[in-house]
Every structure is written in structure tokens, then in C-alpha cells.
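Reviewing the structure listed below.
In my numbering, the protein residues as written are 5 to 271.
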């Protein structure tokens, strides 16, 4: 029985392993994303395309096995099919990737923490950071959807949990749902720490946990606003002061909550 050359055999084996690794892995991820408690995907991965590629691969593998069993020579065209399937599948994937936004779920999570921190910072005054949940909650209601799937379905909305008298950020969140923003305020309200319940960066499947990088929680800090510097007046000139207009803080000197003296910024 005449067999194909070693070079042809190795090329077919390499292509077969590459197809099984790439598209077999994609199919397993698609199945697992629909059953895992939490998965880091913006949408459920498709099952159709990797399944089609694997079915075609198995069919071509049958042709190759038939050629080997019948002792087909080196010029048998069936020995070229596995490389052709691999190249065509990769080309089609590249065409699809060009039409997609190259954002990873963890990137969206990092940007969400940063956005909330910046908007909360805009509500801080010179004495304290905001701490009223009613003031902070509108910030999360307009953030869209968390970048995670819960048993195959995109998490619907962000939620907010405000904690007081904290000595540092929340690093563990047992029992909390994915997409929870944890806003932890220091006793004197001179700082607040922002963390997020999702998955550790780099993990695609798991249970809800505080977003972390290499085991370290990802934390954003909100601090009191810096005092505005007065423009020095020129020689013989007094700085301008409005007649009857007063700031919100002067109108309500007892209001220490930054949320009570500054409206929530629009996103």
C-alpha cells in the first residue's frame, strides 16, 4: 500500500490539530457560556460557525482516511483538503473580526469603574465626597449593561451598594450579583473607594468576584475637590464679587453631603 509522503502527512496532522484546537475550543466556550454562573462575554458566542467548521473537518478527515486506506498516491487531491479548510476558515474569521469592535469584557469593566469614579468625583466638594445613595444611583442607571453573561444571558443593569465607615475598598463580595458597583466611604467622608463585582481579569468563567488584576483588586478613589485658586487682583483693584448671589454651600451651610450641593452630572 502506497502512503502519502511524511511531509504531506505532517501537514495534514498539523491542520487537523489546529482546526480542533481553534473551533473545538470555540464550540466548548459557546456551550459553557450558556450554562456557567458568570462568563466574560458581551454576548453569547455563536455555536453555528464552529460547528459547521468541525463538521466539514470531519468530512474531509474521512476523505483523507479513505485515500490512505485505498493506497492513493501523493497526488491524490484529498490530501490537500485539510489545509484548504483551515485557510478558508481563518480567512472568514478575519473578515468577521473587521466588522466587530475589538473590546474585551474586562476593558468595558475597567472603563465603567473609571466613568463612575469621574462622575462621583464631579459631585465632591472641598469638604467631603458624596455619600447619599439617592444622589449616586442615577450615575449607574445610565451606564448600560454590565459586560458579563449570567447563565448565557447578558446582565441587565448595573446596581449600586453604598457602604459607610470603611477603612479601605471592598475586596470580597460574597452573595452579590454581577454588575454591582461597591462605593465605600471613609468615616470622615474624606475619601471613597470604588470596586466592581464581575470576574477577575483574564478569567472567562467563574463565580461573581471583585474585579481584580493579577490577584489585586481594581480600585478607583474619589477624593474631596481641590479648592479653587483665586485670581490675584491687579494694583489698586479689588477682586469682583457678586452682589446677592451665593453658592449652594453658603445657602445651606449645614449640608455636608456633596450630593446635596451639586446635581448629578449628565453622562
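Glycine included, every Cβ here is placed at the ideal spot set by N, Cα and C.
Roughly how many whole angstroms lie between the Cα atoms of residue i and residue j?
{"i": "residue 125", "j": "residue 114", "result": "16 Å"}
{"i": "residue 204", "j": "residue 121", "result": "19 Å"}
{"i": "residue 85", "j": "residue 38", "result": "33 Å"}
{"i": "residue 162", "j": "residue 219", "result": "23 Å"}
{"i": "residue 48", "j": "residue 159", "result": "12 Å"}
{"i": "residue 74", "j": "residue 65", "result": "14 Å"}
{"i": "residue 13", "j": "residue 82", "result": "12 Å"}
{"i": "residue 168", "j": "residue 135", "result": "8 Å"}
{"i": "residue 15", "j": "residue 69", "result": "14 Å"}
{"i": "residue 181", "j": "residue 7", "result": "59 Å"}
{"i": "residue 210", "j": "residue 157", "result": "15 Å"}
{"i": "residue 9", "j": "residue 147", "result": "59 Å"}
{"i": "residue 170", "j": "residue 177", "result": "14 Å"}
{"i": "residue 50", "j": "residue 99", "result": "16 Å"}
{"i": "residue 179", "j": "residue 194", "result": "28 Å"}
{"i": "residue 97", "j": "residue 108", "result": "17 Å"}
{"i": "residue 71", "j": "residue 207", "result": "43 Å"}
{"i": "residue 52", "j": "residue 164", "result": "37 Å"}
{"i": "residue 35", "j": "residue 25", "result": "15 Å"}
{"i": "residue 127", "j": "residue 95", "result": "49 Å"}
{"i": "residue 119", "j": "residue 46", "result": "18 Å"}
{"i": "residue 21", "j": "residue 166", "result": "50 Å"}
{"i": "residue 17", "j": "residue 63", "result": "15 Å"}
Below 8 Å between beta carbons: does that hold for residue i and residue j?
{"i": "residue 173", "j": "residue 117", "result": "no"}
{"i": "residue 198", "j": "residue 184", "result": "no"}
{"i": "residue 221", "j": "residue 131", "result": "no"}
{"i": "residue 44", "j": "residue 110", "result": "yes"}
{"i": "residue 196", "j": "residue 226", "result": "yes"}
{"i": "residue 175", "j": "residue 214", "result": "yes"}
{"i": "residue 42", "j": "residue 231", "result": "no"}
Tell me which residues share the same chain as residue i and place their Cβ nearer than 8 Å to its Cβ, disregarding the 5 neighbours each side in the sequence.
{"i": "residue 23", "result": "57, 58, 61, 86, 89, 90 and 93"}
{"i": "residue 240", "result": "With a pLDDT of 46 at residue 240, under the threshold of 50, the predicted position of this residue should be treated as unreliable, and no value is reported."}
Can you list, in chain order, the residues of its chain whose CB lies under 6 Å from that of residue i, leaving out five sequence neighbours each side?
{"i": "residue 54", "result": "27, 30 and 31"}
{"i": "residue 11", "result": "none"}
{"i": "residue 40", "result": "209"}
{"i": "residue 251", "result": "In this prediction, residue 251 scores a pLDDT of 39, lower than 50, which makes its location untrustworthy; the coordinate-derived value is nonetheless stated afterwards. Contacts found: none."}
{"i": "residue 33", "result": "49"}
{"i": "residue 112", "result": "151"}
Return yes when the C-beta of residue i is under 7 Å from any heavy atom of the ligand HEM, and no when it is not.
{"i": "residue 22", "result": "Judged by which ligands are present, the structure shown has none, so any question about the ligand HEM falls away."}
Going by beta carbon distance, what residues of the same chain come within less than 7 Å of residue i, once the five residues before and after it are set aside?
{"i": "residue 19", "result": "86, 87 and 90"}
{"i": "residue 67", "result": "82 and 85"}
Discussion item. Does the contact criterion of 3 or more C-beta pairs under 8 Å hold for the stretch 74 to 93 versus the stretch 137 to 148?
Written reply: no
Discussion item. For the pair the stretch 147 to 163 and the stretch 186 to 198, tell me if three or more CB-CB distances fall below 8 Å.
Written reply: no
Worksheet item: What are the start and end residues of each continuous beta strand (DSSP E) run of 3 or more residues lying completely inside the stretch 175 to 207, in chain order?
Response: 184 to 189 and 196 to 202
Worksheet item: Quick one: complete alpha helix (DSSP H) runs, 4+ long, within the stretch 96 to 139?
Response: 109 to 127
Item to complete: Can you check the stretch 40 to 92 for any alpha helix (DSSP H) of at least 4 residues that lies completely inside it and give the ranges in chain order?
Response: 52 to 73
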